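Scroll down for the structure; my scribbles are underneath it.
In this note's numbering, the protein residues as written are 26 to 299.
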């Protein structure tokens with residue numbers, strides 16, 4: 026006898042830990058595994074609903090105290106460069122971009138360590154060794170690229186972005202750069218360059234990760250025109266950051282069971298058992 030069994034993703038919740046963005050708050054994540062033949066489809070579907078990828082896991086903040094972490098993306102067609110962004114592009118126009126397969130290198134890890142030690146020495150990734158870094162880059166069940174930026178005179182690597190290619194855009198999973206080039210606004214430059222990559226590829230969006238109202242670390246994302254925020258189950262255009270300030274209120278968070286029930290899953294894959 027043959028039975029067709031649907032393979033439905035299972036969702037779990039992490040234990041609470043201190044929030045890296047807002048003081049005196051605890052963070053918690055809702056997550057599921059990303060594996061098998063349906064990984065690409067699941068990643069696309071959940072990315073549209075505010076989830077992010079980390080290796081073979083998809084996660085979304087699901088804190089009990091607030092829902093301040095909001096997924097952000099740029100509508101490429103609605104984006105227009107500001108004067109300061111034009112200056113940033115001109116300042117970095119000497120760099121050479123190279124997109125490669127997701128393969129970790131010693132040069133990448135050296136740059137990664139320099140970036141963490143300078144910018145995030147007390148962060149959750151501060152103790153990541155070379156093997157963990159390689160896993161972050163290489164353990165991807167979906168279509169991913171490593172976008173490298175190099176200084177041509179000495180062929181030195183100055184910035185890297187691990188980028189997923191979604192059905193409707195590019196998702197900047199993690200990026201880092203030479204901290205000595207902070208004055209070049211490298212983080213903003215990489216986003217601007219990814220907007221151009223997406224435009225050339227005919228992809229409508231660039232996914233930036235999370236934006237947090239009131240977080241100075243995340244304030245730079247507000248400066249991009251065409252910004253959209255995933256809020257209360259749909260994408261909304263960012264007109265005034267103050268519109269989303271109420272998201273830090275504890276009553277803005279739905280129970281876990283409701284959150285999971287409201288997740289739209291792609292058509293389930295099935296396998297046959299004899």
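C-beta: ideal position from N, C-alpha, C; glycine also.
Keep in mind the model is a prediction, meaning the values are calculated, not measured.
Have a look at residue i and residue j and give me their C-alpha separation to the nearest angstrom.
| i | j | result |
| --- | --- | --- |
| residue 93 | residue 285 | 18 Å |
| residue 56 | residue 179 | 42 Å |
| residue 254 | residue 40 | 26 Å |
| residue 116 | residue 246 | 19 Å |
| residue 212 | residue 90 | 30 Å |
| residue 305 | residue 157 | Because the chain is modelled from 26 through 299, residue 305 falls outside the range shown and cannot be assessed. |
| residue 191 | residue 242 | 26 Å |
| residue 283 | residue 137 | 38 Å |
| residue 164 | residue 268 | 38 Å |
| residue 85 | residue 125 | 27 Å |
| residue 287 | residue 153 | 35 Å |
| residue 109 | residue 34 | 44 Å |
| residue 266 | residue 225 | 29 Å |
| residue 76 | residue 96 | 8 Å |
| residue 259 | residue 74 | 8 Å |
| residue 249 | residue 106 | 8 Å |
Would you mind reading off the limits of the alpha helix (DSSP H) that contains residue i?
| i | result |
| --- | --- |
| residue 124 | Taken as a continuous stretch (DSSP letters only), residue 124 belongs to no alpha helix (DSSP H), being part of the beta strand (DSSP E) at 121 to 125. |
| residue 186 | Here residue 186 belongs to no alpha helix (DSSP H); instead the beta strand (DSSP E) covers 181 to 191. |
| residue 155 | 155 to 163 |
| residue 36 | Where residue 36 is concerned, there is no enclosing alpha helix (DSSP H), although the beta strand (DSSP E) it sits in stretches over 36 to 38. |
| residue 65 | 64 to 72 |
| residue 281 | 281 to 286 |
| residue 142 | 131 to 144 |
Could you check if residue i is buried or exposed, using at least 16 other CB atoms within 10 Å of its CB as the buried criterion?
| i | result |
| --- | --- |
| residue 140 | buried |
| residue 188 | buried |
| residue 52 | buried |
| residue 223 | buried |
| residue 219 | buried |
| residue 133 | buried |
| residue 276 | Residue placement at residue 276 is poorly supported in this model, since its pLDDT is 46, which falls under 50; the coordinates still yield a value, given next. It counts as exposed. |
| residue 54 | buried |
| residue 98 | buried |
| residue 238 | buried |
Could you round the C-beta distance between residue i and residue j to whole angstroms and report it? I think they count as a contact, below 8 Å.
| i | j | result |
| --- | --- | --- |
| residue 128 | residue 171 | 7 Å |
| residue 292 | residue 168 | Rounded, the Cβ-Cβ distance is 20 Å, inconsistent with contact. |
| residue 290 | residue 70 | 6 Å |
Once the 5 residues before and after residue i are set aside, which same chain residues still bring their CB inside 6 Å of it?
| i | result |
| --- | --- |
| residue 199 | 187 |
| residue 103 | 251 |
Could you check where the beta strand (DSSP E) with residue i kicks off and where it finishes?
| i | result |
| --- | --- |
| residue 171 | 169 to 176 |
| residue 3 | Residue 3 lies beyond the residue range present for the chain, which begins at 26 and ends at 299; the question has no answer from this structure. |
| residue 234 | 230 to 236 |
| residue 56 | 54 to 58 |
| residue 253 | 252 to 256 |
| residue 83 | 82 to 86 |
Taking 7 Å as the cut-off, does the CB of residue i come closer than this to any heavy atom belonging to the ligand SAM?
| i | result |
| --- | --- |
| residue 91 | The model depicted lacks the ligand SAM and carries no ligand whatsoever. |
Excluding sequence positions up to five away, which residues of its chain have a Cβ less than 7 Å from the Cβ of residue i?
| i | result |
| --- | --- |
| residue 206 | 183 |
| residue 120 | 174, 175, 176, 183 |
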